[in-house]
Amino acid sequence: MGPGHPERPERLRAIERGLEEARFALLARISAPRAELAALERVHPQSYLAALEQAAPREGYSALDSDTLMCPDTIEAVWRAAGGAVAAVEEVMSGRADNAFVAARPPGHHAGAHNPMGFCFVNNVAVAARHAQAAHGAERVAIVDFDVHHGNGTQEIFWADESALFCSTHQAPFYPGTGGRNETGAHDNIVNAPLFAGSTGDAFREALDDRILPRLRDFAPDLILISAGFDAHERDPLGGLRLREVDFGDATKRLMEIADKRCDGRIVSMLEGGYDVDALSLCVSAHVLALMGG
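Numbering (the working numbering), first residue to last: 85 to 378.
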């Protein structure tokens, strides 16, 4: 997205360095394929996807909003980030993998059905959810988002969908200004647990225990998707929460316990935010190690 932009290639390079450690040697690693148009169109109208392609510059940068820019290679990354989400669902729902983490950028949880926003172009987690439903017959899909910013695009997409549960912890009041406790969806299928700036892991765990995990258990999903944003870390330059890498590992284990009891352990997690690259590497390592049962 240009020099100095926080959503930068170094994020994935830092993740790759962290996952080069010996304890991750047994991970199965695949490259993200391009998403098929049919998978994208379950969430985004064809006219919007065509407009994204047309907005891609031949050189330099084009701005879709004040935060969201494109270079000539952005559109390929967008298609592959969504394709990685679909491929991960395929691996997990088919039983070839117990769970999966999609280390791809750009992120997606701010993208609505018809608009880009906040570094996001296509809502990757929504594409994953719709694919699980359409291709694998998942009747109920739960999405848990612990990014420091509220996943307003995901909430919008699933607002009136009783087959989906969207749960979010996030800093509030904060960008993008959504995510109040009173935002509960058309079928009481939205669960927001906002946290004040400065909140630590204790408040994060309390939000999970009091508001999110009980609803997740009761919903009994066929698949749990995680919008794994790590910008709630205390070192992140774009957030004001005070979480540490151990908090993300602990939250992952708690979600895995529910997945083991409700959906045969099926979890697909995908990268959202996280802009201090050293903290991001540590957080992803803790998250993936927990997914591996460590």
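Glycine included, each C-beta is placed from N, C-alpha and C at the ideal position. Nothing here was measured: the structure is a model prediction, and the numbers come from that model.
Taking the CB atoms as reference points, tell me whether residue i and residue j lie closer together than 7 angstroms.
i, j, result
"Ala210", "Ala216", "no"
"Gly396", "Asp182", "Since the displayed the chain opens at 85 and closes at 378, residue 396 lies outside it and no answer follows."
"Arg350", "Leu307", "yes"
"Ala226", "Pro298", "no"
"Arg126", "Arg265", "no"
"Val186", "Met376", "no"
"Asp302", "Tyr359", "no"
"Glu329", "Leu292", "no"
"Asp331", "Gly323", "no"
"Leu325", "Arg189", "no"
"Glu94", "Val361", "yes"
"Glu240", "Gly196", "yes"
Report the rounded CA-to-CA distance for residue i versus residue j, giving the unit in angstroms.
i, j, result
"Ala140", "Arg164", "15 angstroms"
"Ile296", "Arg113", "31 angstroms"
"Glu174", "Ala116", "12 angstroms"
"Leu327", "His198", "33 angstroms"
"Asn208", "Glu104", "25 angstroms"
"Pro200", "His193", "10 angstroms"
"Ala161", "Asn276", "30 angstroms"
"Gly86", "Phe288", "33 angstroms"
"His371", "Leu364", "10 angstroms"
"Leu249", "Val352", "15 angstroms"
"Ile159", "Ala123", "16 angstroms"
"Pro260", "Val368", "24 angstroms"
"Ile310", "Cys347", "14 angstroms"
"His271", "Cys251", "13 angstroms"
"Leu148", "His317", "28 angstroms"
"Leu373", "Gly333", "8 angstroms"
"Tyr145", "Gly263", "31 angstroms"
"His254", "Glu120", "31 angstroms"
"Arg180", "Ala219", "16 angstroms"
"Asp229", "Gly357", "11 angstroms"
"Gly88", "Lys337", "35 angstroms"
"Asp157", "Ala184", "26 angstroms"
"Gly409", "Phe258", "In this structure the chain extends from 85 to 378, so residue 409 is not present and cannot be described."
"Ala256", "Ser178", "38 angstroms"
"Asp286", "Gly378", "22 angstroms"
"Pro278", "Met154", "31 angstroms"
"Glu137", "Val176", "30 angstroms"
"Ile274", "Arg118", "30 angstroms"
"Arg224", "Ser131", "28 angstroms"
"Glu100", "Ala134", "32 angstroms"
"Ala335", "Glu290", "11 angstroms"
"Ser283", "His128", "35 angstroms"
"Pro191", "Gly102", "19 angstroms"
"Thr152", "Asp294", "35 angstroms"
Looking only at DSSP bridge pairs, what is residue i linked to?
i, result
"Met154", "Ser146"
"Gln217", "BP columns for Gln217 are empty, so no partner."
"Asp229", "Ser252, Ser311"
"His317", "Leu327"
"Met354", "Val186, Ser311"
"Pro141", "For Pro141, which the question treats as bridged, DSSP gives no partner whatsoever."
"Leu44", "Nothing about residue 44 can be reported from this structure: the residues present for the chain run from 85 to 378 only."
"Thr284", "Arg326"
"Asp274", "Looking at the sequence itself, residue 274 is Ile, so the reference to Asp does not match. Ile274 pairs with Phe250."
Notebook entry, point to check: For the segment 236 to 250 against the segment 156 to 173, are there 3 or more C-beta pairs whose distance is under 8 angstroms?
Noted result: no
Checklist line | Cβ contact (3+ pairs, closer than 8 angstroms) linking the segment 101 to 112 and the segment 188 to 205 | finding: no
Notebook entry, point to check: Counting Cβ pairs closer than 8 angstroms, one from the segment 341 to 351 and one from the segment 243 to 258, do we hit at least three?
Noted result: no
Checklist line | Every unbroken alpha helix (DSSP H) inside the segment 151 to 214 [4 residues or more] | finding: 158 to 177
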